[in-house]
Amino acid sequence: RLCQLLDTTIRGWRRLAEVAGWEKRFKCSDEELEMCSLKVLEPHGSPTACLLQLLAERDCTLRYLLGCLERMGHAQACRVLTSAVQDMIHITVQPESQVVPEGTRVSLTCCATGPPGLTYQWFCGKREVPGATAPQLVMDAAALPGQPEWYICRVSCGAAFAFSRWAQVRVERSSSPSSASGYCPTMAGLQILQQPRPCRLAEGDTLALECRAIGNPPPQYQWFRNRRPLEGAQGPRLQVELVTTAERGSYSCRVFNLFHELWSREVDVEIGESPGESSITPCPAWHVLALLCLPEHLPCAPAAPSRPAATDKVALLIGNMRYLHHKPLRAPMGDVHALSALLRQLDFKVVSLLDLCKAEMQMAVNEFLLLLGQGVYGLLYYAGHGYENFGNSFMVPIDAPSTYTSAHCLCVQRVLRSMQQRRTGLNIFLLDMCRKRNLNDDIIPQVGALEVTANIVFGYATCADAEAYELSQGELCNGIFVTFLKRWLLQDEKITVLLDKVAEDMGTLEITRGRQALELRSNLSERRALTDPIRPPAQDESSARNLQWAKAHVLPESRHLRFDCGVTVQLGFAAEFSNIMIIYTHVVAAPQDIAKCEAKLTDIPEELDVDLKCTNKESPEEVGSPLAPTWSLGHPSCCLYSRLCGLQKLRQELVFTVCLQYHYRGMDEFVEERRTVSVGKPLIAKLNLR
Numbered sequence: 001r002l003c004q005l006l007d008t009t010i011r012g013w014r015r016l017a018e019v020a021g022w023e024k025r026f027k028c029s030d031e032e033l034e035m036c037s038l039k040v041l042e043p044h045g046s047p048t049a050c051l052l053q054l055l056a057e058r059d060c061t062l063r064y065l066l067g068c069l070e071r072m073g074h075a076q077a078c079r080v081l082t083s084a085v086q087d088m089i090h091i092t093v094q095p096e097s098q099v100v101p102e103g104t105r106v107s108l109t110c111c112a113t114g115p116p117g118l119t120y121q122w123f124c125g126k127r128e129v130p131g132a133t134a135p136q137l138v139m140d141a142a143a144l145p146g147q148p149e150w151y152i153c154r155v156s157c158g159a160a161f162a163f164s165r166w167a168q169v170r171v172e173r174s175s176s177p178s179s180a181s182g183y184c185p186t187m188a189g190l191q192i193l194q195q196p197r198p199c200r201l202a203e204g205d206t207l208a209l210e211c212r213a214i215g216n217p218p219p220q221y222q223w224f225r226n227r228r229p230l231e232g233a234q235g236p237r238l239q240v241e242l243v244t245t246a247e248r249g250s251y252s253c254r255v256f257n258l259f260h261e262l263w264s265r266e267v268d269v270e271i272g273e274s275p276g277e278s279s280i281t282p283c284p285a286w287h288v289l290a291l292l293c294l295p296e297h298l299p300c301a302p303a304a305p306s307r308p309a310a311t312d313k314v315a316l317l318i319g320n321m322r323y324l325h326h327k328p329l330r331a332p333m334g335d336v337h338a339l340s341a342l343l344r345q346l347d348f349k350v351v352s353l354l355d356l357c358k359a360e361m362q363m364a365v366n367e368f369l370l371l372l373g374q375g376v377y378g379l380l381y382y383a384g385h386g387y388e389n390f391g392n393s394f395m396v397p398i399d400a401p402s403t404y405t406s407a408h409c410l411c412v413q414r415v416l417r418s419m420q421q422r423r424t425g426l427n428i429f430l431l432d433m434c435r436k437r438n439l440n441d442d443i444i445p446q447v448g449a450l451e452v453t454a455n456i457v458f459g460y461a462t463c464a465d466a467e468a469y470e471l472s473q474g475e476l477c478n479g480i481f482v483t484f485l486k487r488w489l490l491q492d493e494k495i496t497v498l499l500d501k502v503a504e505d506m507g508t509l510e511i512t513r514g515r516q517a518l519e520l521r522s523n524l525s526e527r528r529a530l531t532d533p534i535r536p537p538a539q540d541e542s543s544a545r546n547l548q549w550a551k552a553h554v555l556p557e558s559r560h561l562r563f564d565c566g567v568t569v570q571l572g573f574a575a576e577f578s579n580i581m582i583i584y585t586h587v588v589a590a591p592q593d594i595a596k597c598e599a600k601l602t603d604i605p606e607e608l609d610v611d612l613k614c615t616n617k618e619s620p621e622e623v624g625s626p627l628a629p630t631w632s633l634g635h636p637s638c639c640l641y642s643r644l645c646g647l648q649k650l651r652q653e654l655v656f657t658v659c660l661q662y663h664y665r666g667m668d669e670f671v672e673e674r675r676t677v678s679v680g681k682p683l684i685a686k687l688n689l690r
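The sequence shown begins at 1 in full-length UniProt numbering and counts up one residue at a time.
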């Protein structure tokens with residue numbers, strides 16, 4: 001529609017190019033303008049479409065384009081673009097109605113997705129709230145009790161806008177004098193305002209218990225009787241009609257959100273006979289004894305806690321080091337390798353990958369999700385550049401541009417949502433990255449609502465708006481987080497207790513005190529640990545998972561190549577990570593008349609990350625990996641080593657050439673024989689992450 005308007009008028013595409021060029025990066029050269037003008041010679045060509053494509057490649061935003069059209073005075077084009085923008089504004093996080101105690105603070109949140117440059121304005125009724133122009137509205141609950149206020153947020157982009165739904169804020173005096181004291185709610189706060197009360201009922205009455213809480217994110221509820229969860233009792237009010245003696249017992253309510261957990265006090269519910277029946281009936285002593293021995297007349301002691309178990313354990317470890325447009329890192333290689341070795345000791349199926357672009361990271365996560373299932377413990381560790389905006393954490397791939405946004409990165413919360421859909425038993429995220437705000441990114445991705453699963457653990461290497469650091473110790477170094485984590489990882493402790501101990505240890509390091517501190521967020525309701533045993537489910541399900549994991553860890557079999565000259569060369573393989581493989585050649589046998597010979601790899605596929613200066617080296621240490629001592633043990637002497645990185649980039653089977661160079665005794669000239677070798681798709685290449 002813009003092309004129709006701008007291709008044929010005086011205030012057309014050339015004027016747009018001139019106005020847009022006022023900002024230097026959007027200025028088009030004469031050659032580019034001529035290319036646009038020549039589009040009229042094509043059957044369906046459009047100079048405007050060509051110009052818009054050039055502006056898009058320079059990251060021109062819709063907001064800037066709208067401003068250019070306004071400066072041109074092209075009202076019709078402005079209306080076209082404004083209507084398109086309005087359709088793109090979507091409210092993703094709605095403000096929630098809340099009940100808050102008098103004298104505290106209240107926080108309302110509204111988040112939206114749409115074109116860059118979204119603006120926010122909060123209203124109380126029909127009045128604008130002065131200065132309330134952020135997604136989060138934080139204010140003192142100064143209104144009188146009993147006088148609720150209604151709030152709404154308008155999200156705008158230029159002349160286009162969308163409104164959130166209304167949220168009511170009601171201020172109450174707390175029934176408990178101490179409930180409001182010392183409480184300052186935060187984005188992850190949680191407080192119980194109303195506790196359940198004990199009661200005595202007759203059979204046939206209605207049981208009503210209530211537990212009210214406030215928090216942000218909004219609280220969730222789960223009622224318990226005799227410390228066992230009640231099915232379907234997941235609201236602030238528990239109501240059971242026509243009660244019988246089966247409902248007697250001790251009741252409590254677990255209140256939780258994504259980051260915190262509280263328990264109400266435990267109250268007793270006593271249920272006797274209905275008023276119309278006699279409360280005392282004479283009976284023989286043996287009858288009384290028999291009644292006392294019935295199970296329903298005995299106190300309901302909590303069942304002996306049995307140790308939780310996993311149906312399987314799966315870990316995805318990603319370390320990004322060699323960034324194309326950002327500072328390279330050193331620690332991720334050592335961190336991923338150290339955790340891989342420890343997690344394997346805990347019976348985790350480990351997939352470890354280095355240096356992935358965005359598409360490869362997404363595909364790796366997709367394959368990781370295929371390994372998950374009901375009751376499986378899933379662990380995601382990431383080391384590399386990262387950031388945190390509006391409560392969402394983003395992992396930065398190695399191909400992210402210099403000014404990246406969420407569109408170039410992977411959102412951790414999206415991964416969590418996908419893991420929950422697999423009905424996992426435990427979701428662990430260990431994020432070894434910075435959590436500074438990304439000022440280039442003002443878009444809040446539409447992640448979707450998370451399920452209430454009470455099995456989520458986040459271990460952040462540093463706290464919000466802070467950086468994570470590396471420890472430089474020669475070629476192979478670790479990040480601060482993993483340096484202390486690996487001391488405790490094998491301990492038989494609840495995962496949250498284990499991470500608490502890591503946090504205490506990190507606090508003893510003088511050089512990072514005040515700059516980096518581990519942050520733990522969890523809603524874990526059971527004592528689950530990394531050391532829990534594995535009790536696999538049905539054979540077909542576990543077999544499919546084992547097969548999927550095994551595909552990513554199959555090395556080519558060692559083989560012997562026999563050349564025409566009589567030389568036999570052994571070809572061997574070793575895995576450093578799931579996407580890095582070592583190939584070594586070793587001359588096993590040679591005729592006596594051959595004085596010297598060696599076998600080298602050549603014609604390695606170009607898509608692999610291979611430093612040719614570090615191939616065919618006589619010692620493992622020369623191939624450019626500080627981890628050489630870990631995989632070179634047991635290899636024969638007199639080998640030539642080559643290191644192949646980025647196996648996930650392979651589009652076809654790995655094919656290379658073994659070049660044998662030798663010379664006979666009494667001759668100086670070398671003779672060369674070549675043998676083409678195909679080893680299929682090794683390791684992670686089998687999963688086709690491309």
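By construction, the Cβ of each residue, glycine as well, lies at the ideal position given by its N, Cα and C atoms. For clarity, every value in this text was computed on a predicted model and none was experimentally measured.
Worksheet item: Does DSSP put MET506 in a helix, a strand or coil?
Response: Mapped onto the sequence shown, residue 506 falls at position 506. Residue state, collapsed to three classes: helix.
Worksheet item: Would you report the Cα separation of GLN4 and PRO130, rounded to the nearest angstrom?
Response: Numbered from 1 along the sequence shown, position 4 holds the residue referred to as residue 4. Numbered from 1 along the sequence shown, position 130 holds the residue referred to as residue 130. Looking at the two C-alpha atoms, the distance is approximately 42 angstroms.
Worksheet item: Got a sec, what are the start and stop residues for the alpha helix (DSSP H) MET35 sits in?
Response: Against the sequence shown, residue 35 aligns to sequence position 35. Unbroken alpha helix (DSSP H) run through MET35: 30-37.
Fill in: For ALA208: DSSP bridge partner residues
The residue you call residue 208 lines up with position 208 of the sequence shown. According to DSSP, ALA208 bridges with GLN239.
Worksheet item: Just how far apart, CA to CA, sit GLU566 and ILE580?
Response: Along the sequence shown, one-based indexing puts residue 566 at 566. Along the sequence shown, one-based indexing puts residue 580 at 580. The identity of residue 566 in the sequence shown is Gly, whereas the question assumes Glu. Each residue's alpha carbon lies about 32 angstroms from the other.
Worksheet item: Can you tell me whether DSSP reads GLY375 as helix, strand or coil?
Response: The residue given as residue 375 occupies position 375 in the sequence shown. DSSP places GLY375 in coil when its eight states are reduced to three.
Worksheet item: Quick one: what does DSSP say THR48 is sitting in, helix, strand or coil?
Response: Residue 48 sits at position 48 when you count from the first residue of the sequence shown. Helix.
Discussion item. Please return the same chain residues whose Cβ sits closer than 6 angstroms to the Cβ of PHE224, not counting the five positions on each side in sequence.
Written reply: Position 224 of the sequence shown holds residue 224. The residues are SER252.
Worksheet entry | For LEU450: DSSP bridge partner residues | One-based indexing of the sequence shown puts residue 450 at position 450. According to DSSP, which records beta bridges pairwise, LEU450 is partnered with nothing at all.
Worksheet item: Which one or two residues does DSSP pair with ARG170 in a beta bridge?
Response: To locate residue 170, count along the sequence shown from 1; it is residue 170. ARG170 is bridged to VAL99.
Discussion item. How far does the beta strand (DSSP E) with TYR387 in it extend, from its first residue to its last?
Written reply: Reading the sequence shown from its first residue, position 387 is the one you call residue 387. Taken as a continuous stretch (DSSP letters only), the beta strand (DSSP E) holding TYR387 covers 386-389.
Worksheet item: For ALA17 versus LEU33, is the C-beta distance shorter than 8 angstroms?
Response: Stepping through the sequence shown from its first residue, residue 17 is reached at position 17. Stepping through the sequence shown from its first residue, residue 33 is reached at position 33. Cβ distance < 8 angstroms, so ALA17 and LEU33 count as in contact.
Worksheet item: Should the segment 405-412 be called in touch with the segment 356-367, which here means at least 3 C-beta pairs below 8 angstroms?
Response: yes
Discussion item. What does the alpha-carbon distance come out to for the pair TYR641 and TRP549?
Written reply: What you label residue 641 is simply residue 641 of the sequence shown in a count that begins at 1. What you label residue 549 is simply residue 549 of the sequence shown in a count that begins at 1. Taking the straight line joining both Cα atoms gives about 27 angstroms.
Discussion item. Please report the distance separating the alpha-carbon of ASP268 from that of ILE192.
Written reply: Taking the first residue of the sequence shown as 1, we reach residue 268 at position 268. Taking the first residue of the sequence shown as 1, we reach residue 192 at position 192. Rounded to the nearest angstrom, the two C-alpha atoms are 19 angstroms apart.
Practice prompt. State the DSSP-derived secondary structure class of VAL497, mapped to helix, strand or coil.
Written response: Looking up residue 497 in the sequence shown gives position 497. Reduced to three states, the DSSP call for VAL497 is helix.
Item to complete: Select from GLN239, GLN234, ARG248 and GLY158 the residue whose C-alpha is nearest the C-alpha of ALA202.
Response: Locating residue 202 in the sequence shown gives position 202, where the first residue counts as 1. Comparing Cα positions, the closest option is ARG248.
Practice prompt. Assuming GLU673 and LEU660 form a contact by the criterion Cβ under 8 angstroms, report the distance between their Cβ atoms to the nearest whole angstrom.
Written response: As a working mapping, residue 673 is identified with position 673 in the sequence shown. As a working mapping, residue 660 is identified with position 660 in the sequence shown. That pair is a contact at about 5 angstroms.
Item to complete: Pair every Cβ in the segment 322-331 with every Cβ in the segment 365-380, then say whether three or more of these pairs are closer than 8 angstroms.
Response: no
Fill in: C-beta contact flag for ALA466 and ARG515 at 8 angstroms
The sequence position of residue 466 within the sequence shown is 466, counting from 1. The sequence position of residue 515 within the sequence shown is 515, counting from 1. It is a contact, given that the beta carbons lie within the stated cut-off.
Item to complete: Determine the direct distance from the alpha carbon of GLU261 to that of THR186, and round the result to whole angstroms.
Response: Sequence index remark: in the sequence shown, residue 186 carries index 186 (1-based). Sequence index remark: in the sequence shown, residue 261 carries index 261 (1-based). With a pLDDT of only 36 at THR186, under 50, the local geometry of the prediction cannot be trusted, and no value is derived from it.
Worksheet item: Using CA coordinates, which residue listed in TYR404, PHE123, LEU238 and ARG307 is at the minimum distance from ARG528?
Response: Locating residue 528 in the sequence shown gives position 528, counting from the first residue. Measuring from the Cα of ARG528, the nearest candidate turns out to be ARG307.
Worksheet item: What residue does the alpha helix (DSSP H) around ASP335 start on, and which one ends it?
Response: Mapped onto the sequence shown, residue 335 falls at position 335. Where ASP335 is concerned, the enclosing alpha helix (DSSP H) stretches over 331-345.
Worksheet item: What's the C-alpha gap between ALA160 and ALA112?
Response: Locating residue 160 in the sequence shown gives position 160, counting from the first residue. Locating residue 112 in the sequence shown gives position 112, counting from the first residue. Distance between the alpha carbons of ALA160 and ALA112: 13 angstroms.
Worksheet entry | Bridge partner(s) assigned by DSSP for THR405 | In the sequence shown, counting from the first residue as 1, residue 405 sits at position 405. According to DSSP, which records beta bridges pairwise, THR405 is partnered with nothing at all.
Item to complete: From the DSSP output, in three-state form, read off LEU137 for me.
Response: Numbered from 1 along the sequence shown, position 137 holds the residue referred to as residue 137. Strand.
Worksheet item: Using the beta-carbon count (16 or more within 10 Å), is ASP312 buried or exposed?
Response: By one-based count along the sequence shown, residue 312 stands at place 312. ASP312 is buried by the Cβ-count criterion.
Worksheet entry | Pairwise C-alpha distance: ALA167 and GLN53 | Sequence index remark: in the sequence shown, residue 53 carries index 53 (1-based). Sequence index remark: in the sequence shown, residue 167 carries index 167 (1-based). Roughly 42 angstroms between the two C-alpha positions.
Fill in: Per-residue burial, LYS649 [other beta carbons within 10 Å of its own, 16 or more giving buried]
Position 649 of the sequence shown holds residue 649. Classification of LYS649: buried, given that the 10 Å Cβ count is 16 or more.
Practice prompt. Please name the residue, chosen from ILE318, ASP532 and THR602, that lies closest to ASP493 on a Cα-to-Cα basis.
Written response: On the sequence shown, position 493 is the one that residue 493 refers to. Residue identity check: residue 493 is Glu in the sequence provided, not Asp. For the residues ILE318, ASP532 and THR602, the minimum Cα distance to GLU493 belongs to ASP532.
Item to complete: Whole angstroms is fine: what's the gap from ASN616's alpha carbon to GLN570's?
Response: Residue numbering aside, residue 616 sits at position 616 when the sequence shown is read from its first letter. Residue numbering aside, residue 570 sits at position 570 when the sequence shown is read from its first letter. If I take the Cα positions, the gap works out to 14 angstroms.
Worksheet item: When the Cα atoms are used, what is the spatial distance from LEU55 to ALA628?
Response: For this step, residue 55 is matched to residue 55 along the sequence shown. For this step, residue 628 is matched to residue 628 along the sequence shown. For LEU55 and ALA628, the distance between alpha carbons rounds to 48 angstroms.
Discussion item. Whole angstroms are fine: how far does the CA of GLU57 sit from the CA of GLU607?
Written reply: Taking the sequence shown and counting its residues from 1, the one referred to as residue 607 is at position 607. Taking the sequence shown and counting its residues from 1, the one referred to as residue 57 is at position 57. For GLU607 and GLU57, the gap between their C-alpha atoms comes out near 26 angstroms.
Practice prompt. Please say whether CYS477 and LEU485 have beta carbons closer to each other than 8 angstroms?
Written response: Taking the first residue of the sequence shown as 1, we reach residue 485 at position 485. Taking the first residue of the sequence shown as 1, we reach residue 477 at position 477. Taking 8 angstroms as the cut-off, the Cβ atoms of LEU485 and CYS477 do not count as close.
Item to complete: Take GLU598 as the anchor and find which of PHE390, THR568 and GLN222 has the nearest alpha-carbon.
Response: Residue mapping note: residue 598 aligns to position 598 of the sequence shown, counting from 1. Cα-wise, what sits closest to GLU598 is THR568.
Worksheet entry | Cβ-based neighbour list, ARG63, same chain, cut-off 8 angstroms, excluding 5 preceding and 5 following | What you label residue 63 is simply residue 63 of the sequence shown in a count that begins at 1. Excluding positions up to five away in sequence, the list reads PRO115, PRO116, GLY117, CYS157 and GLY158.
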